[in-house]
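The sequence shown begins at 6 in our numbering and counts up by one.
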Amino acid sequence: MDKKIIVITGASGTGKTTISKYLQDTYHIPSVITHTTRLPRTGEKNGIDYYFETKDSFSNNHYLEKVEYSGNWYGSSEESLNRTWEQYDAASIVVDTKGAVSYKEKYGKNAVVIFLEVDLETVTQRLENRGDDKARLQTRINSNEFQRDLKIPEELRGKSYVIVNNNIKITKETVAKILVNEKIK
Numbered sequence: 006m007d008k009k010i011i012v013i014t015g016a017s018g019t020g021k022t023t024i025s026k027y028l029q030d031t032y033h034i035p036s037v038i039t040h041t042t043r044l045p046r047t048g049e050k051n052g053i054d055y056y057f058e059t060k061d062s063f064s065n066n067h068y069l070e071k072v073e074y075s076g077n078w079y080g081s082s083e084e085s086l087n088r089t090w091e092q093y094d095a096a097s098i099v100v101d102t103k104g105a106v107s108y109k110e111k112y113g114k115n116a117v118v119i120f121l122e123v124d125l126e127t128v129t130q131r132l133e134n135r136g137d138d139k140a141r142l143q144t145r146i147n148s149n150e151f152q153r154d155l156k157i158p159e160e161l162r163g164k165s166y167v168i169v170n171n172n173i174k175i176t177k178e179t180v181a182k183i184l185v186n187e188k189i190k
């Protein structure tokens with residue numbers, strides 16, 4: 006059986022983490038652990054929440070995507086995905102649209118891309134409800150990355166599943182159908 010990576014992408018506030026957690030809780034599909042150079046927050050554990058790296062150790066991995074944010078690096082590596090695939094036939098990962106394109110290019114049909122879409126008004130409301138600072142929220146919404154992630158990239162058109170996530174119950178039902186369609190569960 007082919008190993009699969011379920012790549013969940015879309016803008017902030019579209020429900021990516023919720024869907025990743027749903028896959029884990031309902032189907033026991035683990036999330037690939039990503040790497041960061043930031044220090045662990047209280048209660049976070051290395052190898053569970055992230056692989057906490059130094060700037061030097063971070064550069065030793067082969068990244069499918071990486072980004073610098075607030076002076077720290079974050080990335081998802083082939084090494085981490087392969088470790089997950091040693092134990093499971095399927096895994097999920099939450100990445101921005103640029104990262105999703107990288108996964109699709111590298112893994113082809115084994116990368117099942119789910120693009121979550123929500124209208125800007127709903128996303129803004131969700132981010133506000135999540136407690137994001139209003140000034141930082143405006144900066145984020147106006148950023149090139151956020152604007153880019155609101156739309157499915159050309160490279161993924163016709164090669165991924167697009168779900169308008171206005172109702173989490175319907176979205177979860179759609180994800181369940183995708184798993185059947187892709188012979189994942």
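Where a beta carbon is used, it is the ideal one built from N, C-alpha and C, also for glycine.
query = Whole-angstrom Cβ separation of Thr-41 and Tyr-79, contact assumed at under 8 Å?
reply = For Thr-41 against Tyr-79, the beta-carbon gap comes to about 5 Å, under 8 Å, which counts as contact.
message = How far does the alpha helix (DSSP H) with Glu-84 in it extend, from its first residue to its last?
response = Residues 83 to 92.
message = Does Thr-14 come out as helix, strand or coil in the three-state DSSP assignment?
response = The answer is strand: DSSP assigns Thr-14 an E or B state.
task = Look up Ile-183 in the DSSP assignment and say whether it is helix, strand or coil.
result = Three-state result, Ile-183: helix.
query = Are the Cβ atoms of Ile-126 and Gly-15 separated by less than 9 Å?
reply = Correcting the residue identity first, residue 126 is Glu in this sequence and not Ile. Not closer than 9 Å, so no.
Endpoints, beta strand (DSSP E) assigned at Glu-150 = Segment 149 to 154 is the alpha helix (DSSP H) holding Glu-150; no beta strand (DSSP E) there.
key: Residue interval of the beta strand (DSSP E) (run including Ser-25)   = First-last for Ser-25: 21 to 32, but that is the alpha helix (DSSP H), not the beta strand (DSSP E).
task = Just mark Val-185 as buried or exposed, buried being the case when its beta carbon has 16 or more other beta carbons within 10 Å.
result = Result: exposed.
ask   = Can you tell me whether DSSP reads Leu-161 as helix, strand or coil?
value = Of the three classes helix, strand and coil, the one that applies to Leu-161 here is helix, per DSSP.
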